[in-house]
Amino acid sequence: MIPSPRATYGALLIALSLAVQAVPLERTFQQAVAALASGNYAAAERGFLQVLQASPDHIGALGNLGVVYARTNQYGKAADIYTRALRLSPDDKGVLLNLGLVYVKQEMYARALPYFERVVSIDPSQAQARELLATCQLHAGQVDSAVNILESLRGADPRNSGVLFLLGIAYLKRHETQKSEQVLAEMISAAASRAQASFLLGKAYADAGRSDEAIASFRKTLELNPAYPRTHVELGKVYTGLRRSAEARSHFQLALAQDPRDAEAYYFIGGLLIEERHFLEALPYLEKARELQPDSWSILYYLARANLRLKNPAEAVGLLRQSAKINPDEAAIYYQLGHALRAAGQSTEARQAFERASQLNSGKLEEEIRVLEKR
17 MIPSPRATYG
27 ALLIALSLAV
37 QAVPLERTFQ
47 QAVAALASGN
57 YAAAERGFLQ
67 VLQASPDHIG
77 ALGNLGVVYA
87 RTNQYGKAAD
97 IYTRALRLSP
107 DDKGVLLNLG
117 LVYVKQEMYA
127 RALPYFERVV
137 SIDPSQAQAR
147 ELLATCQLHA
157 GQVDSAVNIL
167 ESLRGADPRN
177 SGVLFLLGIA
187 YLKRHETQKS
197 EQVLAEMISA
207 AASRAQASFL
217 LGKAYADAGR
227 SDEAIASFRK
237 TLELNPAYPR
247 THVELGKVYT
257 GLRRSAEARS
267 HFQLALAQDP
277 RDAEAYYFIG
287 GLLIEERHFL
297 EALPYLEKAR
307 ELQPDSWSIL
317 YYLARANLRL
327 KNPAEAVGLL
337 RQSAKINPDE
347 AAIYYQLGHA
357 LRAAGQSTEA
367 RQAFERASQL
377 NSGKLEEEIR
387 VLEKR
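Numbering of the sequence shown is given in my numbering, commencing with residue 17 and proceeding in unit increments.
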C-alpha cells in the first residue's frame, strides 16, 4: 500500500524531530568527554548523567561515567555502572577490563579474575588483560597459570618491568630462588632509576612474604630518594603484617606528611588503632579515609567495628550493609554484621548474618584445600 502524502509528511516530521534531539545530546556527550579528559570530573559526571537521562542505553555515556567514578574512588558506583553497561554489551572489552580494574584497586582479585579471563578469551593478544589476569591468578593461588602467562609476556617484551616484577613474585612463591633472582635482576636493569628498582624489589619481597628483605629494600629506596612515592606506606604495611604497630604508624604518618590525601595511610592508622582498642581515636582517621575513598568495603568495615564498640549498633549495621554490598564474599563482614544486628535487637537478621559468615568461611576452607592439593 502506498502511504498517503499526509502520512509521509508525518514520518518526516518525526525523523526531523529525532535528528534535532540527537544534535544537543551528542554535543552534551562530547562536552562531558572533554571534561573527563581535562580532569573536571564533576562536569563530566553531570554531562554523562544528562545523556543517560535522555538515552539510558547510551553505552558510551555508561562506560565513561564508570571511568569518572573509578577515578574519583567511587568504586561501588563504578561497578554498578559497568555492570549496567555489560548487560547492554556483554563482550565490550573496555568495559570488562575496567570493571576488573575496579575490583583490583580494591584488592578483590577473585571477583576481578573472570572479567580478565573473558577479555583474554575474546582477544588473546590483549597484553594488559593477560598481565592483569596473571596478577589475579597470583593472588588466588594459581601460580603455575600465572607463570605461563607471564613468561609469554616476558618473551614478547623482555624489558617490561611490571611483568618482570610479577614473574619474580611468582618464582619466589614457587621457591625457585635462582629463577626469581634472575628475573628480579632483569627488573632492576629495566627500571627507570635505582630508587624505582629498589622499591619494586621491596614490593616483590613483601608480596612473597619475605618481610626482612622487603624492609631492607624499602629502606634502600629511601636512602636513594627520601621522597620516593608510596615507600613509607609500603614499609608501614610490612610492619603491620609483623604486628610492629608503633613502627607501622610512624611510617603511615610520614606518608601523610608527604601526601595528606593518602587514603590508605589514614585507613591503616585507623585500623591499627582499632586493633589496639582505641576506637574513638580511630574514628577521625577512618572518616578521612572514607571521605577520600567512599566505596572501600574495608574502610566501611573498620568504621562499623569502631561504631559497634562505641555503642552505635544502628550506625554499624548501615556501614556493614554497605560494605557487604561492595564485597559480598567477605565472611568477616557478615560476622560483624551479626554482632551489630544482635546489639540492635534484630535477632532473626543476626542469625542469618552469622549463617552467611559460616557458609563463606566453609567455602574459603574448601578453596584452600584445593590449592594445597595442587601443590
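All C-beta atoms in this analysis are idealised placements derived from N, C-alpha and C, irrespective of residue type, glycine included.
Owing to the predicted nature of the structure, the values given are computational and were not obtained by experimental measurement.
Within the stretch 109-165, the alpha helix (DSSP H) runs of at least 4 residues that lie entirely inside it are, in chain order, 109-121, 125-138, 143-155.
Proximity of the stretch 122-139 to the stretch 330-348 meets the contact definition, three or more beta-carbon pairs being nearer than 8 angstroms. Look at P40 here: in three-state DSSP terms it is helix.
Taking the C-beta atoms as reference points, A271 is found no nearer than 8 angstroms to A264.
Residue environment for P242: exposed (fewer than 16 other C-beta atoms within 10 angstroms of its C-beta). In summary, K93 is buried, with 16 or more beta-carbon neighbours lying within 10 Å of its beta-carbon over all protein chains present. Counting along the chain, no alpha helix (DSSP H) covers H191, and no H or E run does either.
Taking each of E331, L113, L217 in turn and checking the Cα distance to Y317, the smallest one comes out for E331.
Around the beta carbon of Q194, fewer than 16 other beta carbons sit within 10 angstroms, so the residue counts as exposed. DSSP places H267 inside the alpha helix (DSSP H), whose first and last residues are 261-274.
A direct Cα-to-Cα measurement between D311 and N89 gives close to 7 angstroms. The Cβ neighbour count for I290, taken over all protein chains shown within 10 Å, is at least 16; the residue is labelled buried.
Under the three-state reduction of DSSP output, P329 falls in the helix class.
The stretch 219-232 makes contact with the stretch 182-192: 3 or more CB pairs, one atom from each, lie closer than 8 angstroms. In the three-state scheme derived from DSSP, where H, G and I count as helix and E and B as strand, P72 is classed as coil.
For H248, the enclosing alpha helix (DSSP H) has its first and last residue at 247-257. DSSP places T99 inside the alpha helix (DSSP H), whose first and last residues are 91-104. A direct Cα-Cα distance of roughly 24 angstroms separates F295 from A373.
In the DSSP annotation of this structure, the continuous segment of the alpha helix (DSSP H) that includes G286 starts and ends at 279-291.
Residue nearest to N164 within the set R175, L182, N176 is L182 (criterion: CA-CA distance). For S233, the three-state secondary structure derived from DSSP is helix. Counting along the chain, S214 sits inside the alpha helix (DSSP H) bounded by residues 210-223. In the same chain as F132, and ignoring 5 residues on each side of it, the C-beta atoms closer than 7 angstroms to its own belong to G116, A145, L148, L149, C152, in chain order. When DSSP states are grouped into helix, strand and coil, H294 belongs to the coil group. Taking C-beta atoms as the reference points, L102 and L81 fail to come closer than 8 angstroms.
Here DSSP, grouped into helix, strand and coil, assigns N377 to helix. Close CB contacts of G287 within its chain, under the 7 angstroms cut and outside five residues either way in sequence, are with Y318 (chain order). Leaving aside the five residues that flank E167 on each side, the residues in its chain whose CB is nearer than 8 angstroms to its CB run, in chain order, L183. Each of N114, S105, S227 was checked against the Cα of R87, and the nearest Cα belongs to N114.
Pairing I75 with D107 gives a Cβ-Cβ distance that is not under 8 angstroms.
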